[in-house]
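> Here you go, one structure.
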Amino acid sequence: MDETFERLRSLFARTEGLDPGARQRLLDAECANEPELRQQLEVLLSHHDEDHDVLGSPAPTHPSQVGRYRLLEVVGSGGIGVVYRAEQDRPRRIVALKLIQPGAVRPETLRRFGREAEYLGRFAHPGIAQVFDAGTFEANHGDQAYIAMEFVDGEPITHFARRHGLSVSDRIDLITQCCDAAQHAHDRGVLHRDLKPANLLITQIADARPCVKVLDFGIARATEDEAGSGDSLLTSTGQLLGTLPYMSPEQLDGRPVDGKSDVYALGAVLYEILCGRVPLELDGLPLTEALRVVMHESPRELGQIDSALRGDLSIIAMKALAKDPHRRYSNPAELAADLHRFANKRPILARRPSIAYEVRTFARRNRGTVVALFSIFAIMLAAIVTVSIFAKQNQNLAKKEHDARSEERRSRYVAEMNLAGEALEDGSIARVRELVEPWSTTDESGIDPRGFEWHLLAASCHNEQCVVDTNEVEHDVAWVDADHVLSHESTGGVLWSLTTKNAVRRYPGHSNDFVRVRLSPDKRLVAVTWNDTLRIYERESGDLRTTLNDVGTTRCIVWMPGRGVIAYSCTDGTVHVREIESGTGIARFSGNYEKLAFSRHGHLACASLDGTIEIRNTTDWSVEQKLDARTHVFVLGFSHDGARLAVVGNPGCTIVWDNASGRELRRIEQGGQLLSLAWHPDCKRLATGGRDQVIRIIDVEANRVTSLRGHANTVWGLDFSPITSASASASGDSTLASAGEDGTIRTWEPDDVAATAITRIRLPVAARNETYGMRMAWGPDDAIAVSLPAVGEAFVIRGGSVVERSGRERQWSRDFDVEACMHEDSIEIRHGTRSERVTPPTGSGVFSHDNGGLVLSRDGSRVAFSTRGEHVSQVWVSRPFTETTPICVVHGWTPAFAWRPDGDILAVSTVSAVRGIRAHDASTLFELPIRRPTVLAWNGDGLRLAIADYRMSIHLWNTQNETAIRELRGHTMLIRGLDWHPDGSRIASVGNDRTVRIWDTLSGLQMLQLRLTGKGFAVRWHADGKRLVVASDDGVVTVYDASRTR
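Just so you know, we're using our numbering here: the sequence shown kicks off at 1091 and counts up by one.
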């Protein structure tokens, strides 16, 4: 607090109780040489002595019509302004009309009114009330001003939160909206200076997300106003500018005010909305005492009021409420960012005040004791703070102004795409749609920030053909015919029409017990069990056919194909096989059985709780073989031809056996808990689903996995329609039905099953060490070539399946007219009908795959390869069909090298730098100081080079002038693969942290992150920019296809 204000406060306290004569003598003595101080003091005393009886004489009133506006009712008033709900005649609409109180029309208030209208005209933000019109009109008491604004029918933020009992996360969401609106105003050069709950109204339409509206910029100030001047505490009439509980210390002591004062006010509102009280209780205090409390006393920490608010949230609020503006967040956006970090369970940037700061605060509270000892230190500190303030101001003035609307839109896009990526990984498809769909159209600015990430996310959440909302948890589903499915609900079975999406018939069980439902193989009967009861219904009529009352508490029921026989397991571990018509028991065997499955060829599979599976024949029910799943089995089922048995177990494991030999064919680890299984009629594919909400279609023979996303909760039931069904597509394929805990039944078209946005193909490799150093390239006809140099293997994938396996690494030129094949002792280059072999010079050693390997230039004109001899490693370049002898360009070990697109320059990584080497004479063109680079990738323009280093950073460099562009950070383990999008707007990266990340090269921001099944080793964009392929060390090749956006 400065000396002038301290003296003003002291004199006011001494004079406010004196009679006029004594007061005048004291003013004469104390202010003889300080006329400005005396004038301010007399204004304060005049306001203090003023008679506030407003009922003594009638106040002037406003007319009922102001220009185009008819006044309807008063909705709010303040010191100088009154707000009416008014009706505008053209266009006809309800507006908020703000007028000056008839008795308060003065030049100063007119100027303030004009400024408010000007400021409101700068804004275009959904969180700030929109201004429609402003002007003046002739009134009985002279010229009057008005502002017509958007009418906001809402309630103060604190009242709304309290009335609706909002959770902490919902309250934080409201405050972040306030911060976003305040930042918008700051970006347009306006400080609000009176943010408080009464000026932060909440509107909500039905069940939509509550929205904040910021009102009343009556005492706002432009940031371009004179920077060095302090702000007056009072108007010329002695009225306090602001609301004390929400005013920052610098507002109260006359210091210059910037955006951090609005941060203080937002912190006060955050404090109040979380704990229900203002930070500092000032009610009933004299003005001088209230000023002292705000200047010197700190609010209680939130954690002391409510233990649930202890920790990061309390630290954020206290940082926003710091007395020293330099210790607050720099702007509302920083406060909102920290609240987002807290909400997303990420580390916040705010920290508790240091011991040194606490000491300085103590010194300010006890100035008389410590001022002598620390006067020199205070002078130095003040000088440093002053220099820092001016330096910051100069830096802000020098920074170029960006278009605020596009920047805000782009920032929101980046945040929402990353949130959508997280939701996709969590299986929350409804959340993905919520975040992605608003970006399907551009706004009025015409700016479209969408890239590969948006198209991929949009394509990932639109697979289902039909959705039936049942409003009940659906435990299972079975096809009846082309238009009907049977579902299993908590109260029994329900027959649904897919055309009308209505329930056609119900097959009741007992609502207080867990019910099990099963459709017979011939679709004629429906079995429903609960407790000791089993009922058989006619499916078509719904009539009860028979009841068995002694079945015991069942775990699983299955029908035997071709006969009126049903088998069920009970909680005592026994299995019973009975005829339906007579109820006669056919077989009974004891064990610890839980899950059952019949084949169409005379076998019953019984799974025990310990993972043992017994295969019994249905002639004498004897055990023919035993299988060990080595996991708890949730569901099991035979393929339609009876040749294979599949089970899903915990955690996330799918196992397929050959039924005849008992040989395990596939064991696929998928993650999560799997709870449902269905075989496709072609007996080659099966579908699984579970708690991660994702349905996976596994091609057992092609070793391919595709994913279907749409359910918003656990997938409990799956069933494929028969190929002969009328529901099948024209191609003769089958339709998949699924049932989930989200209360929906969904059907999926075969085309969507075959071509989803994310497809995983598993290579036939035995162990992870075989995939070390794997490389990949796109080939002709959208083929994908994957090389495993560690074991001399190579695969070609086409149409989602491995179609070729050889021992040769293969690469192609950009136009696929030149092909390079790595043999054991040479590299074969093919161009049309011509072919040439490139061999390492004698004595240079053998081809080295972990020393850079083989790289064909994009134009196919040159090839680079590495060799390793007894004492030295080398990198060679050759120009096939032109230069017959390779040229050595590097002596020494190098982890990576990459051709510039024109094939003239080879970028090579060394221990301490990245060198650009001219291919024709091995001279150095550039040298970039990156320590221990691991991966290199050229952009298509041949100017920019992306470099990954051992610190998990990606560096973008301009090789023409050898300047660093920016650094991309986010990976938490070693980066192994990089590639530029064909248009240069994005970079894809993969690494040992098992993620693939998409980066915006202009801003350096991460646009999307998705998890891989293993450590990422290689990544390549397709030339169309719509497909991305990633290879990981577990032998899985993942194709991300963004071309299927609807």
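Yeah, the Cβ is synthetic: ideal placement off N, Cα and C, and Gly gets one too.
Kindly identify the DSSP beta-bridge partner or partners of Met1239.
Taking the sequence shown and counting its residues from 1, one reaches residue 1239 at position 149. Paired residue(s): Ala1186, Val1221.
> Let me know the secondary structure DSSP gives Cys1121 once reduced to three states.
In the sequence shown, residue 1121 corresponds to position 31, counting from 1. It is coil, neither helix nor strand.
> Let me make sure I understand the geometry here. Which of Thr1721, Ala1423, Ala1677 has the alpha-carbon closest to that of Gly2184?
Here the chain has residues from 1091 to 2136 only, and residue 2184 is not among them.
> Rounded C-beta distance between Ser1577 and Asp1566? I'm assuming under 8 Å.
Residue mapping note: residue 1577 aligns to position 487 of the sequence shown, counting from 1. Residue mapping note: residue 1566 aligns to position 476 of the sequence shown, counting from 1. Correct: roughly 7 Å between the Cβ atoms.
> According to the neighbour-count rule (16 or more other Cβ atoms, all chains shown, within 10 Å of its Cβ), is Phe1480 buried or exposed?
Translated into positions along the sequence shown, residue 1480 becomes position 390. Under this definition Phe1480 is an exposed residue.
> Any idea what DSSP makes of Phe1203, helix, strand or coil?
Within the sequence shown, residue 1203 is the residue found at index 113, counting from 1. Helix, per DSSP.
> Going by CA-CA distance only, name the one from Ala1768, Asp2039, Val1667, Ala2012 that's closest to Ala1829.
Within the sequence shown, numbered from 1, the residue matching residue 1829 stands at position 739. Per the Cα distances, Ala1768.
> Assuming Ile1676 and Thr1744 form a contact by the criterion Cβ under 8 Å, report the distance between their Cβ atoms to the nearest whole angstrom.
The residue labelled residue 1676 in the question sits at position 586 within the sequence shown. The residue labelled residue 1744 in the question sits at position 654 within the sequence shown. The pair is not a contact, with the Cβ atoms about 32 Å apart (cut-off 8 Å).
> DSSP state of Met2097, grouped into three classes?
In the sequence shown, residue 2097 corresponds to position 1007, counting from 1. Strand, per DSSP.
> Reducing DSSP to helix, strand and coil, say where Leu2139 ends up.
Residue 2139 cannot be examined here, being either before or after the span of the chain that is shown, 1091 to 2136.
> In angstroms with no decimal places, state the Cα-to-Cα distance between Ala1317 and Asp1348.
One-based indexing of the sequence shown puts residue 1317 at position 227. One-based indexing of the sequence shown puts residue 1348 at position 258. Residue confidence for Ala1317 is low, a pLDDT of 41 falling below 50, so the modelled location carries little weight and cannot support an answer.
> Give the range of the beta strand (DSSP E) segment to which Ala2038 is assigned.
Mapped onto the sequence shown, residue 2038 falls at position 948. First-last of the beta strand (DSSP E) with Ala2038: 2034-2039.
> Looking at the secondary structure, which residues open and close the beta strand (DSSP E) in which Thr1674 lies?
Here residue 1674 refers to the residue found at position 584 when the sequence shown is read from its first residue. First-last for Thr1674: undefined, no H or E at that position.
> With a threshold of 8 Å, are at least 3 pairs of Cβ atoms found where one atom belongs to the segment 1832-1840 and the other to the segment 1534-1551?
The segment 1832-1840 is not in contact with the segment 1534-1551.
> CB-CB under 7 Å to Pro1148, same chain, minus the five flanking residues each way: which ones, in chain order?
The residue labelled residue 1148 in the question sits at position 58 within the sequence shown. Annotation note: pLDDT 45 at Pro1148 (below 50); position unreliable, no value reported.
> Exposed or buried, which one is Gly1225 when buried takes at least 16 other CB atoms within 10 Å?
For the purposes of this step, residue 1225 is taken as residue 135 along the sequence shown, with counting starting at 1. That one is exposed.
> My guess is that Ala1910 and Leu1878 are in contact by the Cβ rule of under 8 Å, so how many angstroms apart are they, rounded?
The residue you call residue 1910 lines up with position 820 of the sequence shown. The residue you call residue 1878 lines up with position 788 of the sequence shown. Their Cβ separation, rounded to whole angstroms, is 17 Å, which puts Ala1910 and Leu1878 out of contact at 8 Å.
> Could you say if the segment 1881-1896 and the segment 1789-1807 meet the contact criterion of at least three C-beta pairs nearer than 8 Å?
Verdict: yes, contact present.
> Just to confirm my understanding: we take Ser1782, look at its own chain, exclude 5 residues before and 5 after, and list those with CB closer than 6 Å. What are they?
The count along the sequence shown starts at 1 and reaches residue 1782 at position 692. The identity of residue 1782 in the sequence shown is Asp, whereas the question assumes Ser. Around Asp1782: Gly1517, Gly1762.
> For Gly1332, which residues in the same chain have their Cβ closer than 7 Å to its Cβ, ignoring the five residues on either side in sequence?
Counted from its first residue, the sequence shown places residue 1332 at position 242. Here the set comprises Arg1283, Asp1284, Ile1309, Gln1341.
> Helix, strand or coil: how does DSSP classify Cys1269 here?
Here residue 1269 refers to the residue found at position 179 when the sequence shown is read from its first residue. It is helical.
> Straight-line CA distance for Cys1301 to Leu1996?
The residue you call residue 1301 lines up with position 211 of the sequence shown. The residue you call residue 1996 lines up with position 906 of the sequence shown. Using only the alpha carbons, I get a separation of about 55 Å.
> Which value, in whole angstroms, describes the spacing of the CA atoms of Ile1519 and Ile1295?
For the purposes of this step, residue 1519 is taken as residue 429 along the sequence shown, with counting starting at 1. For the purposes of this step, residue 1295 is taken as residue 205 along the sequence shown, with counting starting at 1. Rounded to whole angstroms, Ile1519 to Ile1295 spans 24 Å at the Cα level.
> Tell me which residues share the same chain as Pro1985 and place their Cβ nearer than 6 Å to its Cβ, disregarding the 5 neighbours each side in the sequence.
Taking the sequence shown and counting its residues from 1, one reaches residue 1985 at position 895. Excluding sequence neighbours, Pro1985 sits near Ser1999, Thr2024.
> List the DSSP bridge partners of Asp2131.
Against the sequence shown, residue 2131 aligns to sequence position 1041. Bridge partners of Asp2131: Arg2117.
> Report the rounded CA-to-CA distance for Phe1955 versus Ser1938, giving the unit in angstroms.
As a working note, residue 1955 is residue 865 in the sequence shown. As a working note, residue 1938 is residue 848 in the sequence shown. So the alpha carbons of these two residues sit roughly 8 Å apart.
> Taking the CB atoms as reference points, tell me whether Asp1605 and His1574 lie closer together than 8 Å.
By one-based count along the sequence shown, residue 1605 stands at place 515. By one-based count along the sequence shown, residue 1574 stands at place 484. For the record, residue 1605 in the displayed sequence is Val; it is not Asp. No, the pair does not count as a contact, with Cβ atoms beyond the cut-off.
> State the Cα-Cα distance for the pair Ile2077 and Arg2101, rounded to the nearest angstrom.
Translated into the one-based positions of the sequence shown, residue 2077 becomes position 987. Translated into the one-based positions of the sequence shown, residue 2101 becomes position 1011. Rounded to whole angstroms, Ile2077 to Arg2101 spans 17 Å at the Cα level.
> Starting from the Cα of Ala1736, find the closest Cα among Val2086, Cys1660, Val1936, Thr1778 and give me that residue.
Residue numbering aside, residue 1736 sits at position 646 when the sequence shown is read from its first letter. With distances taken between Cα atoms, Ala1736 lies closest to Thr1778.
> Can you check whether the CB of Ala2036 is closer than 8 Å to the CB of Ile2020?
One-based indexing of the sequence shown puts residue 2020 at position 930. One-based indexing of the sequence shown puts residue 2036 at position 946. No. Outside cutoff.
> On the premise that His1152 lies in contact with Pro1197, defined as a C-beta separation below 8 Å, what is that separation, rounded to the nearest angstrom?
The sequence position of residue 1197 within the sequence shown is 107, counting from 1. The sequence position of residue 1152 within the sequence shown is 62, counting from 1. Actually they are not in contact, since the Cβ atoms of Pro1197 and His1152 sit about 20 Å apart, beyond 8 Å.
> Under a three-way DSSP split, which group does Pro1197 fall into?
Stepping through the sequence shown from its first residue, residue 1197 is reached at position 107. In the structure shown, Pro1197 sits in a helix (DSSP, three-state: H, G or I).
> Can you grab the Cα-Cα spacing for the pair Ser1680 / Asp1662, in whole Å?
If you number the sequence shown from 1, residue 1680 lands on position 590. If you number the sequence shown from 1, residue 1662 lands on position 572. About 9 Å.
> Which residues in the same chain have their Cβ closer than 7 Å to the Cβ of Gly1654, if we skip the five residues on either side of it in sequence?
The sequence position of residue 1654 within the sequence shown is 564, counting from 1. Around Gly1654: Glu1669, Ile1670, Glu1671.
> Please classify Met1864: does DSSP put it in a helix, a strand, or coil?
Locating residue 1864 in the sequence shown gives position 774, counting from the first residue. In this structure, Met1864 counts as coil in the three-state DSSP scheme.
> Got a sec? Which residues, its chain only, sit under 6 Å from Gly1320 by beta carbon, not counting five neighbours each side?
For the purposes of this step, residue 1320 is identified with residue 230 of the sequence shown, where counting begins at 1. Here Gly1320 scores only 47 on pLDDT, less than 50, and its place in the model is too uncertain to base an answer on.
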